[in-house]
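The numbers in the working numbering rise by one with no breaks, and the one at position 99 of the sequence shown is 152.
Note that the Cβ used here is the ideal one computed from N, Cα and C, for glycine as well.
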Amino acid sequence: MLKAPIYILAIESSCDDTAAAVLSNNKVLSNIVARQAIHEQYGGVVPELASRAHQQNIVPVIDVALKNANINKNQLSAIAFTQGPGLMGSLLVGSSFAKSMAMALNIPLIAVNHMHAHILAHFIDEDGFDKPKFPFLALTISGGHTQIVVVKSFFDMGIIGETTDDAVGEAFDKSAKILGFPYPGGPLIDKYAQLGNPKAFKFTKPKVPNLDFSFSGLKTQILYFIRNNVILNENFIEENRNDICASIQNIIIEILMEKLKLAVKQTGITQIAIGGGVSANSGIRNTLKESEKKLGWKTFIPKFEYTTDNAAMIGIVGYHKFLENQFNNASVVAKARIEF
Ligand code: KG4
Ligand code: ZN
54 MLKAPIYILA
64 IESSCDDTAA
74 AVLSNNKVLS
84 NIVARQAIHE
94 QYGGVVPELA
104 SRAHQQNIVP
114 VIDVALKNAN
124 INKNQLSAIA
134 FTQGPGLMGS
144 LLVGSSFAKS
154 MAMALNIPLI
164 AVNHMHAHIL
174 AHFIDEDGFD
184 KPKFPFLALT
194 ISGGHTQIVV
204 VKSFFDMGII
214 GETTDDAVGE
224 AFDKSAKILG
234 FPYPGGPLID
244 KYAQLGNPKA
254 FKFTKPKVPN
264 LDFSFSGLKT
274 QILYFIRNNV
284 ILNENFIEEN
294 RNDICASIQN
304 IIIEILMEKL
314 KLAVKQTGIT
324 QIAIGGGVSA
334 NSGIRNTLKE
344 SEKKLGWKTF
354 IPKFEYTTDN
364 AAMIGIVGYH
374 KFLENQFNNA
384 SVVAKARIEF
């Protein structure tokens, strides 16, 4: 007899995106994200505004996710939600909603670590996308995190390197802010970088031991570089926009690749999977693809919609936890910081 599929409703509200998805086993039936445009004018996420917007968005987003999946709430097997890390006020909206809904439907509740989800997003079943085999290295690069993780199994993974200050997404966004781009500026740097010369301007790599990263010094370097050049030529940014963006992106890629090469050397693992919002970056994607030929690595790049924050990645963790009966009771709480 064919086993009935497991239907998971997943909710993600850790930062400024309200997201819901429905999965049937490891396949995504719907994946809805409501982005919050309100933060653009402030040049960064305003936590209080984010939680208010989540309150407004959460019911319609879940409603659309269920409708698009053609699933009735009574068919759901479990509800998975982001427990952390993230902004407390934002996490509270999703976690409270998930708890209440699981209780009302009398189905299991599954708390998910957002960073696990960025890594396990690779196990969503999608045509044309291979799944990595254990063990592999995961490079999670987002607005909040920069980590190299050794992934031994779905739930056995450990951080071997991480940022000591800014995340790589912040390096993109803060550089973009210096250039006068709206928040989040990462995608704009990517767009203009594709038209520019990556060797036009030289920035230096920070010296950080082992597999750790640092991006705050680079931000200061870029700030002074722009400031000094604008003193000499007030149109410096406009006249060199593409080359500046290409050079900034180039140094960030060099920093990431240097540490990845070291991680491969130290662990002997040559399968690399990237995740997190910054893995949408075309330069990083291209460089990783080239590394397959140049360095003999096998690389895994998620489908675009699973790179930035989304609930499908929460759902895939939920599915694997469901298979192992890893459930939570209603006393589970949201955590701004969470043990890996
Ligand atoms: O994973 P994510 O959606 O949220 C966090 O968990 O932080 O990542 C958002 C980050 C932002 O810093 C954004 O600028 C960056 O990902 N990002 C990019 C690109 N697309 C998104 N950075 C560089 N190039 C891109 N194409
Ligand atoms: Zn994220």
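CB of residue i to nearest heavy atom of ligand 1: below 7 Å?
i	result
D226	yes
C68	yes
D180	no
I91	no
T361	yes
A333	yes
D296	no
I242	yes
G222	yes
M100	The sequence shown places Pro at residue 100, not Met. No.
G238	yes
Quick check: residue i and residue j, are their CB atoms within less than 8 Å of each other?
i	j	result
L173	A224	no
S66	H92	no
G96	Y245	no
Q302	P251	yes
I85	V114	yes
Y372	I59	yes
I306	T340	yes
F266	T216	yes
G139	A389	yes
K241	N295	Note that residue 241 is Leu in the sequence shown here, rather than Lys. No.
I308	L190	no
F176	K205	no
D219	N334	no
H171	G328	yes
A133	I61	yes
I304	L232	no
A383	L162	yes
A364	A72	yes
Tell me the rounded alpha-carbon separation between residue i and residue j.
i	j	result
M156	H198	32 Å
Y277	A253	17 Å
N121	F357	19 Å
L315	G321	10 Å
I213	I279	34 Å
S83	E179	13 Å
V385	H167	15 Å
L102	A87	14 Å
G147	S269	31 Å
P185	L264	22 Å
S284	F256	According to the sequence as given, residue 284 is Ile; it is not Ser. Whole-angstrom Cα-Cα distance: 19 Å.
N286	G222	29 Å
S77	M141	29 Å
D209	V370	13 Å
A387	Q109	19 Å
H169	G137	10 Å
G349	K126	46 Å
Measuring only from the beta carbon, is residue i closer than 7 Å to any heavy atom that is part of ligand 2?
i	result
G329	yes
H373	no
D219	no
S83	no
H171	yes
S104	no
S195	yes
H167	yes
Would you mind giving the Cβ-Cβ distance between residue i and residue j, rounded to the nearest angstrom? I have them listed as a contact below 8 Å.
i	j	result
I367	I64	7 Å
V81	L119	At roughly 13 Å, the Cβ-Cβ gap does not stay under 8 Å, so V81 and L119 are not in contact.
Closer than 8 Å, CB to CB, is residue i near chain E or not?
i	result
I231	Among the chains of the structure shown, chain E does not appear; only one protein chain is present.
What I want to know is whether the C-beta of residue i ends up closer than 7 Å to one or more non-hydrogen atoms of ligand 4.
i	result
N110	The ligand content of the structure shown is limited to ligand 1 and ligand 2, which means ligand 4 is not among them.
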